[in-house]
Amino acid sequence: MPKSEFEKEVLNSVFVEIVDSIYIDRRTMYPPPMPRLDFKTNKEDTIGYHEKLKRYQIEQDSIKNDKNRILIGVYDFVVSNGINDSKFDLTPFKNNKKFDFQYTSKFPEEIYWDINDKKSKMPVGTIKVYKIYFNKTRTYGVLSVRASCGGGKCGRGFEITIENKSEEWHITNIVDTWVS
């Protein structure tokens with residue numbers, strides 16, 4: 001089997017596991033509301049605070065319990081040495097129960113996304129995949145992956161180690177390499 005076909009098969013077998021491990025859902029990024037500080041008394045003004053906190057928790061629980069598929073933007077190409085190498089085929093994942101994967105090229109450029117619009121039809125985040133580098137026996141591989149919340153506002157990079165154990169590929173280690 002050509003190396004590129006082998007790499008595609010391996011990537012397809014671990015892709016959902018990778019996304020589930022690293023994706024950033026911007027709907028859950030906001031911290032809980034804080035009580036206001038009364039500058040005259042230097043004490044917390046908690047009037048209405050508990051109601052705001054309760055609404056925040058209900059909203060977060062609603063997001064976590066939402067059974068709708070989560071829209072994730074996937075960059076169209078696997079990147080190799082800084083070059084868009086091969087088209088990433090999303091067809092094998094079209095029936096995934098948790099995620100709805102769509103190419104980022106289908107949407108406006110990511111920097112224009114309004115990440116504060118919680119009801120947007122934009123992806124909750126994006127994933128960019130880089131080439132897998134295998135050992136000589138093709139039982140071990142390392143790849144880089146980038147995840148963002150969209151809009152150019154936040155992102156994280158990862159180095160992911162995968163291994164073939166009992167004829168199945170799985171993640172064995174994830175290392176954060178950068179945060180923005």
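For the sequence shown, the UniProt record's numbering assigns the number 1 to the initial residue and increments by one for each residue that follows. Just so you know, even glycine gets a beta-carbon here, dropped at the ideal spot from N, CA and C. This structure is a prediction, so every number in the text was calculated from the model and none was measured.
- The beta strand (DSSP E) runs of length 3 or more contained entirely in the region 15-67 are, from start to end of the chain, 36-38 and 43-45.
- The C-beta of T104 has 16 or more other C-beta atoms within 10 Å across all chains shown, which makes the residue buried.
- If you draw a 10 Å sphere on the C-beta of K131, you find 16 or more other C-beta atoms in it, and that means buried.
- DSSP places K128 inside the beta strand (DSSP E), whose first and last residues are G125 to V129.
- Residue pairing for D176: DSSP places it in a beta bridge opposite F158.
- The count of Cβ pairs closer than 8 Å, one atom from the region 106-115 and one from the region 162-173, stays below three, leaving the stretches out of contact.
- Straight across, the Cα-Cα distance linking I70 with E5 is about 28 Å.
- When the Cα atoms are used, G141 and F15 turn out to be separated by approximately 13 Å.
- With fewer than 16 other Cβ atoms inside 10 Å of its own Cβ, Y30 counts as exposed.
- Note on R146: 16 or more other CB atoms within 10 angstroms of its CB, so buried under the neighbour-count rule.
- Residue D25 holds the alpha-carbon nearest to the alpha-carbon of C149 among D25, I18, D20 and D89.
- Nearest to M122 by alpha-carbon distance, out of G73, K94 and C154, is G73.
- In the structure shown, S4 adopts helical secondary structure according to DSSP, grouped into three states.
- Annotation for F99: the continuous beta strand (DSSP E) segment containing it runs F99 to Y103.
- Residue pairing by DSSP puts W169 in a beta bridge opposite N164.
- In the three-state DSSP reduction, N116 falls in the coil class, being neither helix nor strand.
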